[in-house]
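Protein chains in written order, with the UniProt record's numbering: chain Y, 1 to 163; chain W, 1 to 163.
Notes follow once the structure below has been shown.
Number of protein chains: 2
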Amino acid sequence: MTRTASLREKHDGALDDRGSVRLWLRLLTCTTVIEKRLKRGFADGYDITLPRFDVMAALDRHPEGMTMGQLSQALLVSNGNVTGVVQALVRDRYVSLAPSPTDGRSSVARLTQLGRECFAGLAEAHHAWIEAMLAGLGREERGQLHQLLGVLKDSLAVDGEKE
Amino acid sequence: MTRTASLREKHDGALDDRGSVRLWLRLLTCTTVIEKRLKRGFADGYDITLPRFDVMAALDRHPEGMTMGQLSQALLVSNGNVTGVVQALVRDRYVSLAPSPTDGRSSVARLTQLGRECFAGLAEAHHAWIEAMLAGLGREERGQLHQLLGVLKDSLAVDGEKE
DNA sequence: ATATGATATTTCAAGCTTGAAATTTCAGGC
DNA sequence: GCCTGAAATTTCAAGCTTGAAATATCATAT
């Protein structure tokens, strides 16, 4: 029963008797720690930010290109946000923007050749970091965690009718 | 076997065969969705931000007061960040700052009477929202999830020697 | 053809976040 | 009493994020 974590938990100290809040704080802490390490890793080793990596990852999976709206939906961020991140990637020559042939309101973003090449390295590092951070969980535990988070995701989908 | 979530998963679409990345993305999605809803709830109903709530929650648990550094450690954010959030709370009369009697470099933040009163309502809403979002998980599942996240937290503590 | 409502996007102000540099204070050793 | 390195904090530029307002385009009914 490995329970005593040495990592600080957000809001730690005298704890509520409210188990649901404790569960949420633990979830938040794990996510925050992983996210910060990925961010640091990308910043230190590759001079790129996590949001830009996210956009590149989405585009890498859609070689046909994506509109701003599609990116916004896929990444769960606002339209205005996508605009800024994509503009930075265009400035760095990782992404190209072309007007949509079918809809004058939209433009389509695609990875450039340079973008594809760079992303390959980023994705590899990303995968390795995550693998290392999850090293403490066995195959069995990963499966259970993935399944339970699926239940949670379903729970969240109930009232928050996001299509 | 409830597996088909209707909530979009970040980076969804053609998925890697890399299970660890999928697990991470699911973790990230759950946390992001919950965090956005809490943020929205506080903004809409209480005109306060999540970071300010976090600071108030930490201070509520430490009636003797906390230094900036203690807040920074407890909340897993930078010193400079705490400065700004606390200043906003001082401006709104929720928090008071007093020079430390023992260390001239530090000042001690405390909830004011107004801050304590307001926080009670915020905490109640916060708890209710979380309870509602976790409604899809039974007592058993919550326990398992909490335990597995504990394992993950331990896994994260291994290399990231955070004291 | 035009008017109208819907859709896609950009712009912008406000707020959070970080890391690095600067400032102030502390704690010992001389 | 000083000097010096360590520690606590603030300041600041750069970047992310959102929501609301403004633009531009589309689709459709007339």
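C-beta: ideal position from N, C-alpha, C; glycine also.
Residues near residue i by beta carbon distance below 6 Å, same chain, minus five either side
i	result
Lys39 of chain Y	Leu50
Ala5 of chain W	Legend: pLDDT at Ala5 of chain W = 44, less than 50; position of this residue unreliable, value from coordinates given subsequently. Answer for Ala5 of chain W: no residue qualifies.
Gly143 of chain W	none
Asp12 of chain Y	Any reading at Asp12 of chain Y must be qualified, since the residue scores a pLDDT of 49, below 50, and its modelled position is unreliable; the value itself is stated next. Result list for Asp12 of chain Y: empty, nothing under 6 Å.
Val82 of chain Y	Met68, Leu71 and Ser72
Ile48 of chain Y	Phe42
Leu156 of chain Y	none
Same chain, Cβ closer than 8 Å to residue i, neighbours up to 5 away in sequence not counted
i	result
residue 175 of chain W	Since the first residue of chain W shown is 1 and the last is 163, residue 175 of chain W is not available in this structure.
Val86 of chain Y	Val55, Met68, Leu71, Val95, Leu97 and Ala109
Gly45 of chain Y	Ala125
Lys162 of chain Y	A caution first: Lys162 of chain Y carries a pLDDT of 38, below 50, which makes its placement in the model too unreliable to give a value.
Arg116 of chain W	Asp60
Ser78 of chain Y	Ser72
Asp16 of chain W	Because the pLDDT of Asp16 of chain W is 43, which lies under 50, any placement of that residue in the model is unreliable, and the number read from its coordinates should be weighed accordingly. Arg22, listed in sequence order.
Neighbour list for residue i in chain W, Cβ cutoff strictly below 7 Å
i	result
Ser106 of chain Y	Under the 7 Å cutoff, chain W gives no residues; its nearest Cβ is about 18 Å from Ser106 of chain Y.
Arg18 of chain Y	His127
Glu141 of chain Y	Leu148 and Val151
Val21 of chain Y	His127 and Ile130
Val95 of chain Y	Correct list: empty, because the minimum Cβ distance to chain W is about 16 Å.
Leu59 of chain Y	The contacting residues do not exist; Leu59 of chain Y stays about 11 Å from chain W at best.
Same chain only: Cβ atoms within 7 Å of residue i, ignoring 5 sequence neighbours per side
i	result
Cys118 of chain W	Tyr94
Thr2 of chain Y	Reliability fails at Thr2 of chain Y, whose pLDDT of 41 lies under 50, so the model's placement of it is uncertain and the value that follows must be treated cautiously. Here the set comprises nothing.
Ser100 of chain Y	Thr67, Ser106, Ser107 and Val108
Asp154 of chain Y	none
Trp24 of chain Y	none
Leu114 of chain Y	Arg93 and Tyr94
Arg52 of chain Y	Val85, Ala88 and Leu89
Ile34 of chain Y	Met133
Check: residue i C-beta below 7 Å from any heavy atom of the ligand SAM
i	result
Ser100 of chain W	Of ligands this structure carries none, so the ligand SAM is not represented either.
Within chain Y, partners of residue i - CB distance below 9 Å
i	result
Ala109 of chain W	Here the premise fails: no neighbours, minimum Cβ distance about 15 Å.
Closer than 7 Å at the beta carbon, the chain Y residues around residue i
i	result
Thr31 of chain W	Leu27, Leu28 and Thr31
Chain-ordered neighbours of residue i on chain Y, where CB pairs are closer than 8 Å
i	result
Val55 of chain W	Those do not exist, as Val55 of chain W stays about 10 Å from chain Y at its closest Cβ, beyond 8 Å.
His89 of chain W	As written in the sequence, residue 89 of chain W is Leu, which differs from the His given in the question. Here the premise fails: no neighbours, minimum Cβ distance about 16 Å.
Cross-chain neighbours of residue i in chain W, by beta carbon under 9 Å
i	result
Ile34 of chain Y	Trp24, Leu27, Leu28, Leu152 and Leu156
Listed by chain order, chain W residues near residue i by CB distance under 8 Å
i	result
residue 173 of chain Y	Residue 173 of chain Y falls outside the range modelled here, since chain Y spans only 1 to 163, and no answer is possible.
Fill in: Stretch-stretch touch, CB-based, cutoff 8 Å, three pairs: the stretch 58-73 of chain Y with the stretch 106-113 of chain Y
yes
Practice prompt. Determine which residues of the stretch 120-133 of chain W have a Cβ less than 8 Å from any Cβ of chain Y, and write them out in chain order.
Written response: Answer in chain order: His126, His127, Ile130, Glu131, Ala132 and Met133.
Worksheet entry | In chain order, each alpha helix (DSSP H) run of at least 4 residues that lies wholly inside the UniProt domain "HTH marR-type" (20-154) of chain Y | 50-60, 68-75, 79-91 and 113-133
Fill in: Members of the stretch 69-85 of chain Y that neighbour chain W once the beta carbon cut-off is set at 9 Å
Gln73, Ala74, Leu75 and Leu76
Worksheet item: Is the stretch 26-37 of chain Y in contact with the stretch 135-152 of chain W, if contact means three or more CB pairs nearer than 8 Å?
Response: yes
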